[in-house]
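Below: one structure, written as structure tokens.
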Amino acid sequence: MKAIRILLVCFSFVPLSLPAGNTLISPMVDGLDVCPSALKKEMSSQSSAAEYCFKVGETSAGILKEKLNEFGPKISPSGSFSIGYTLPFPLLSYVDFDESGSFSIDEAKVAHRLKLLKETDRDVVLYLFYNHFSTSYNAVVESEVARLDPDGLMQLADGSIPIDGYFSNKTYPWVINDPDALINKIRVAAIDEVMNQLCDMNQADIDKVRALTVLGELHHIYPDFFNGMSFRSDFLTTDYSPATVARFQQYLQDEYGSIQRLNEVFDAVFTEFEDIYPPSKNINSEPLESFFQHVDYSSSGILTLHGWAVRKDGKPVNIKIYVDGQFAGNAEYGLNRMDVYQAKLGSGHAAVGYRYLLDIKSLEAGVHTVDIVYNDNGRETLLKTLEVPVMGRSQATPKLVSDGLNLEQEKSLDYWHDYPKSMQPVFYNLLSLAFYEFRKKAVSEEVERYSRQAGSFCLEKSKVFSHQIAPVFNSDWSEEKLAVSDTFKKNEYYQLGFNAYGAAFYSDYTFSWLQEKGVELYGMPEVHAMLHDEEMILKALKRHNAEGAVFISPYYVEIKPGTFKEDEEHSKFKVESGNAAYHSDSFFRAVAAVMVK
């Protein structure tokens, strides 16, 4: 701490004007509602302290400033980085209901949060926060919204509503892309209030806003929210609520124009669009009345092959895929596998996952041989051979198409193939693909709608960012369960903002992906390297600055003292010098280092 204070003095001459290439390091902050007076009163309940600080009109500006100073000077000597913070606006926390069920937005609470922006001499990322995570105390507002508008919640195929939990928060599967749902009416009203008050502030305060992110991670929901994004469990996801099913039927009508045309394309005999229900059963384990009911991880036409591989020298691994003895393509490599890194299987980092998306739509019915091959400077050895039965609608017994390659088994790598298992039947269902396309469209339109709203006020549209989960960077996550890939397309409404935990932050794959997508400006609303190697973290910070990262938001820093109750699992992410969990101390030191170089 003493060294950091000396550095603050040494670099006090750094000018406050920022170059175009400056990246704002804007950590998420827990405890922003707790003010110094509450600490002097030795209050230990965050909700009570927040209520008291609001009542007396006092913010946490002073405590926040002390915490941010721990990272070093406000602007790095190179001018490439500056330290600010993320200021969340938990939208449902500003809602009041009367006895009739009508709602209003508490203007005073919004003003109190904006007072913190005014009193803090730092650039900021505003976070208009409300997705599926509860934000009100004990989820009182969320439960009231769900009671008043039960149709505003997504459903699994069996009609159940997957309300779940994540650390100490409850999660609510709010319906996606239904402007008439109560949750969306509340969001619109709360965002209008925040933006109107922001735009009434002095221009000097408005200019502190480097970026604004909307909603937070918006995606479809599945059972076991904490772990269920992988391929390990059955394919179960939302949304089968009656209103969404009706929207899907309208989507099909808009796409095909007439039921006759749809029947021609699908080789089906539907009588009308209202007869078409989204696929909801697995042909491998449930009886079907129609083939079009089938849905699983590959029914939309893509079979994801994934696993991990580690060279002893730590260099990238080149993995080739052969189908029926013919080269099909190179697997993507360098994807996030935190489970492998944490197990310490000889890997110095988590960027060891591989993935190949096998298009089964173009494969004839039959048992196809898929060879997963390690290419070491032209020498090819076998990692895994899979037999993949591509089934037709008739479910006739498939015949072997080819024996594949005859290669020596690889023995020098640590590796494992996770998914799929050999002889796992796959069935392509065009209706499953249509439902997936519909779900992706719904998510992207929801993000676009709120981005348009936020960008219609006083901030430049270029400052509006998404705040999305990014399964593309994790080899063992199912993109189809989440249905978010359309939100990563270039658009006129928002800049790309994606969360990056583990290797998603530092992997070469991430930087290659940004370049291939042609992304020139982007934000990282939640980041935790979860890595011991400070030099690798430091290198990643500099690369993101060079690639066009407008802001990077470490998740998270804490300004409440230890006398307040904490979620022990969640607190492992605290980015501070004394927290070894998830190598949070290494992340802190790397950020502090980049601020003095």
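Numbering (this note's numbering), first residue to last: 525 to 1121.
No residue lacks a Cβ here, since even glycine has one placed at the ideal position from N, Cα and C.
Asked, Found
"Euclidean distance between Cα positions of MET1119 and VAL988", "25 Å"
"Nearest-angstrom beta carbon gap, THR921 and THR909 [assumed within contact, 8 Å]", "The pair is not a contact, with the Cβ atoms about 21 Å apart (cut-off 8 Å)."
"Continuous alpha helix (DSSP H) stretch holding PRO614: start and end", "Counting along the chain, PRO614 falls outside any alpha helix (DSSP H), though it belongs to the beta strand (DSSP E) covering 609 to 614."
"Ordered list of beta strand (DSSP E) runs contained in the region 858 to 899, each at least 3 residues", "875 to 883"
"Collapsed DSSP secondary structure at GLN933 in the structure displayed", "strand"
"Beta-carbon contacts of TYR1106 that lie in its chain and below 8 Å, excluding the five residues immediately before and after", "HIS1052, MET1054, LYS1096, PHE1097"
"Alpha helix (DSSP H) segments (min. 4 residues) lying fully within the region 625 to 711", "631 to 643, 664 to 672"
"Contact check, PHE997 vs ASN1103, beta carbons under 8 Å", "no"
"Close-in-space but distant-in-sequence residues of the same chain around GLU899 (CB under 6 Å, 5 per side omitted)", "A quick correction: the sequence has Asn, not Glu, at residue 899. Excluding sequence neighbours, ASN899 sits near ASN842, LYS844."
"With 16 other Cβ atoms within 10 Å as the buried cut-off, status of CYS982", "exposed"
"Beta-carbon proximity check, ASP895 vs GLY928, cutoff 8 Å", "yes"
"Closest residue to THR768 among SER617, ALA705, GLU810, VAL718 (Cα-Cα distance)", "ALA705"
"Helix, strand or coil at PRO1085 [DSSP, three-state]", "coil"
"Check whether LEU638 and LEU722 have beta carbons under 8 Å apart", "yes"
"Simplified DSSP assignment, three categories, for ILE549", "strand"
"Run of the beta strand (DSSP E) containing ASP942, from where it starts to where it stops", "938 to 943"
"Alpha-carbon spacing of ILE685 relative to MET678, whole angstroms", "6 Å"
"Of the residues ILE807, THR547, GLU1071, GLU1059, the one placed nearest SER1036, counting alpha carbons only", "GLU1071"
"Coil, strand or helix - VAL1120 by DSSP", "coil"
"First through last residue of the alpha helix (DSSP H) which encompasses SER572", "570 to 580"
"CB of LEU652 within 8 Å of CB of ALA978, strictly", "yes"
"For GLU1040, the nearest candidate out of PHE1012, ALA792, PRO597, VAL580 (CA to CA)", "PHE1012"
"GLY1047 vs VAL1074 beta-carbon contact at 8 Å", "yes"
"Pairwise C-alpha distance: ASN593 and LYS1066", "20 Å"
"Cβ contact check for the region 684 to 698 and the region 943 to 963: 3 or more pairs under 8 Å", "no"
"Continuous alpha helix (DSSP H) stretch holding ASN854: start and end", "ASN854 -> not in any alpha helix (DSSP H); beta strand (DSSP E) instead, spanning 850 to 854."
"Cβ-Cβ distance between VAL558 and VAL1081 below 8 Å", "no"
"Separation of ASP938 from ASP702, as counted between CA atoms", "48 Å"
"Pairwise C-alpha distance: LYS836 and GLN933", "17 Å"
"Rounded C-alpha distance that separates GLU810 from THR1034", "39 Å"
"DSSP state of THR828 mapped onto helix, strand, coil", "strand"
"Backbone CA spacing between SER975 and PRO614 [nearest angstrom]", "16 Å"
"Three-pair Cβ contact test at 8 Å for the region 862 to 877 versus the region 817 to 827", "no"
"Span of the alpha helix (DSSP H) around GLU911", "Not the alpha helix (DSSP H): GLU911 falls in the beta strand (DSSP E), residues 903 to 915."
"C-beta atoms of TYR1030 and ILE1061 nearer than 8 Å", "yes"
"Whole-angstrom C-beta distance between GLY676 and VAL665, which should lie under 8 Å", "About 13 Å separates the two Cβ atoms, so there is no contact after all."
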